[in-house]
Amino acid sequence: MNVHDEDNPEMERMKKLLRQSVPPLGAGDEPERDLWPAMLHRLDRKPAATPWFDWALLAGLVGAVVVFPSAIPVLLYYL
Amino acid sequence: MNTHPYLRAYLAGIFLPTLVLPIILTVFIVARIVIQVPTPIEQVMIFPMAIVPSLFGLWNMLYLESHTRMHHPIGLHGAVLPLLMAPIGALLATHLNVLQFGSSGLVWFQVCSVPYALVLPGLLFAMAAYYLVWKYIVGNLNQVLGVA
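Those protein sequences? They're chains A and B, same order as listed. Position one of the first sequence corresponds to residue 1 (our numbering), numbered consecutively onward. Position one of the second sequence corresponds to residue 80 (our numbering), numbered consecutively onward.
This is the structure:
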C-alpha cells in the first residue's frame with residue numbers, strides 16, 4: 001500500500017468494510033486456563049469397559065445361532 | 080468438522096452393510112452354485128443390496144437429527160430398526176417368492192423353515208444383534224467421523 005492509496009476514498013471504504021466484517025482479536029478471546037493438560041488427560045484416558053450385559057447379550061446371540069443354524073440365511077438376508 | 084454432518088452420518092450408517100454384503104453374496108452364491116440349493120439368488124439379493132444399506136444410512140441420519148432433542152443411546156436407536164426392516168423385508172420377500180407362509184411356519188428361500196413360534200424370538204434376536212452392532216460399530220464410526 002503506498003501513500004496514494006490512503007487518499008483513495010474507495011480504499012478507505014474497503015478498509016472500513018474489512019474492519020467491520022473481521023472482529024479484532026482481543027485479550028478476552030484467550031482461554032482462562034491452559035487447555036493442553038486436559039487434552040493430554042483425555043487422550044490418555046482408557047476407553048470405557050464393555051458392560052457385562054453386552055457380553056451376556058453377545059453370548060446369547062452366539063448360542064442362538066449355534067442352536068438354530070438354519071436361521072443364519074435369514075439373518076444374512078436382514079444384514 | 081461441521082460440514083455436511085448428514086452426509087457423514089449416512090456414510091457411517093452404510094459402512095457395515097456395504098462391508099458385509101460381499102460375504103453374504105459369497106454365501107448365497109456358494110449355496111446356489113456349489114451346494115445346488117434351489118434358491119433364487121437374484122430375488123434374494125435385492126433386499127440386502129438395495130434396501131438394507133440405505134436404511135442403515137437413513138436411520139443414522141435420523142439418529143443425528145433426533146439425538147440433539149432426545150439424547151437417546153445409539154444402541155437403543157439401532158435396536159428399533161428391525162421393527163421397521165422385518166415387515167419391509169418380509170413383504171418384499173413374499174412378492175419375490177423368497178418367502179412363503181406355510182401351514183406350520185415361514186419357508187424362507189424354499190428350503191429354510193421357521194416355525195411361527197420362533198418369529199417373535201427371532202425378532203428379539205435381531206433387535207439384540209442390532210443393539211450391539213449400532214452401539215459398538217456404527218457408534219464408533221460416528222465418533223471417528225465426528226458425527227455424534
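Glycine included, each C-beta is placed from N, C-alpha and C at the ideal position.
Let me check one thing: in DSSP terms, what residues is residue i bridge-paired to?
| i | result |
| --- | --- |
| F180 (chain B) | B:L185 |
Could you tell me the boundaries of the alpha helix (DSSP H) in which residue i lies?
| i | result |
| --- | --- |
| S21 (chain A) | P9 to S21 |
| S133 (chain B) | V131 to M149 |
| V99 (chain B) | P84 to I108 |
| A169 (chain B) | I153 to H174 |
| E121 (chain B) | I120 to V123 |
| Y209 (chain B) | V198 to V212 |
| I112 (chain B) | Neither: I112 (chain B) is in no alpha helix (DSSP H) and is coded neither H nor E. |
| D44 (chain A) | W36 to D44 |
| A56 (chain A) | W52 to V67 |
How many Å lie between residue i and residue j at the Cα?
| i | j | result |
| --- | --- | --- |
| P69 (chain A) | A129 (chain B) | 25 Å |
| V186 (chain B) | G201 (chain B) | 14 Å |
| L86 (chain B) | D7 (chain A) | 50 Å |
| I216 (chain B) | I120 (chain B) | 28 Å |
| A165 (chain B) | R148 (chain B) | 27 Å |
| L224 (chain B) | P84 (chain B) | 9 Å |
| P152 (chain B) | K214 (chain B) | 8 Å |
| V113 (chain B) | F107 (chain B) | 10 Å |
Specify, as a first and last residue, the run of the beta strand (DSSP E) that residue i falls within.
| i | result |
| --- | --- |
| P194 (chain B) | C191 to P194 |
Does the distance from the CB of residue i to the CB of residue j come in under 7 Å?
| i | j | result |
| --- | --- | --- |
| F126 (chain B) | L171 (chain B) | yes |
| A158 (chain B) | Y89 (chain B) | no |
| N139 (chain B) | A207 (chain B) | no |
| L143 (chain B) | V226 (chain B) | yes |
| P73 (chain A) | F188 (chain B) | yes |
Is residue i near the ligand COA - that is, is its Cβ less than 6 Å away from at least one heavy atom of it?
| i | result |
| --- | --- |
| L86 (chain B) | Looking at this structure, you won't find the ligand COA or any other ligand, since it has none at all. |
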